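**Q**
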Amino acid sequence: MRDPVTMAKVKGILQALSDAEPGHAVEVRIPPYSAIQCGTGPKHTRGTPPNVVEMKAETLFALTAGEIAWSAAVSSGEIHASGERSDLSALFEKIRMHS
1 MRDPVTMAKV KGILQALSDA EPGHAVEVRI PPYSAIQCGT GPKHTRGTPP
51 NVVEMKAETL FALTAGEIAW SAAVSSGEIH ASGERSDLSA LFEKIRMHS
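Residues in the sequence shown are numbered consecutively from 1, following the numbering used here.
(1) Going by the DSSP bridge assignment, what does Q37 pair with across the sheet?
(2) Report the residue from T64, M55 and I95 whose alpha carbon sits nearest the alpha carbon of S82.
(3) Could you tell me whether the segment 29 to 45 touches the segment 63 to 77, where touching means 3 or more Cβ pairs closer than 8 angstroms?
(4) Only counting the same chain, and skipping five residues up and downstream in sequence, which positions put a Cβ closer than 8 angstroms to that of L91?
(5) Is DSSP giving E54 helix, strand or coil here?
(6) Could you please give the first and the last residue of the uninterrupted beta strand (DSSP E) stretch that includes A81?
(7) Grab the span of the alpha helix (DSSP H) containing K9 for me, first residue to last.
(8) What does a CB cutoff of less than 6 angstroms around K94 pick up in its chain, not counting 5 residues either side in sequence?
(9) Do you know offhand how far G77's Cα is from N51's?
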């Protein structure tokens, strides 16, 4: 069951990512809450996208709050990132500075 408070917070953060870096090059997934496409580059339309970032909501919150570093979360397996455009560390830094 999806918690409505968590869902609202996830959607707000994903909207901030999309606003800060519009596009369709990277798919960001926060199961079971939501997913978006963001980032400049080739648009993905079918099948599994080549650039995917997936994490739990708790990881998203900690990353956005600056409580964990992107590289540490990737190294520990809290973030699964694949593809040449999947390093979103600068994007998270950007939205953290504007919140």
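Note that CB positions come from ideal geometry on N, CA and C, so glycine has one too. All of these numbers come straight from a predicted model, not from anything done at the bench.
**A** Concretely, from the data shown:
(1) The partner list for Q37 (beta bridge, DSSP) reads E27.
(2) Residue M55 is the option with its Cα nearest to S82.
(3) The segment 29 to 45, when compared against the segment 63 to 77, does not touch it at the 8 angstroms Cβ threshold.
(4) Apart from sequence neighbours up to five positions away, the residues of its chain that approach L91 with a beta-carbon distance below 8 angstroms are L17, A20, E21, C38 and G39, ordered along the chain.
(5) Correct three-state label for E54: strand.
(6) If you look at A81, you'll find it in the beta strand (DSSP E) that goes I79 to S82.
(7) P4 to A20 is the extent of the alpha helix (DSSP H) around K9.
(8) Contacts found: A20.
(9) Cα to Cα, the separation comes out at about 17 angstroms.
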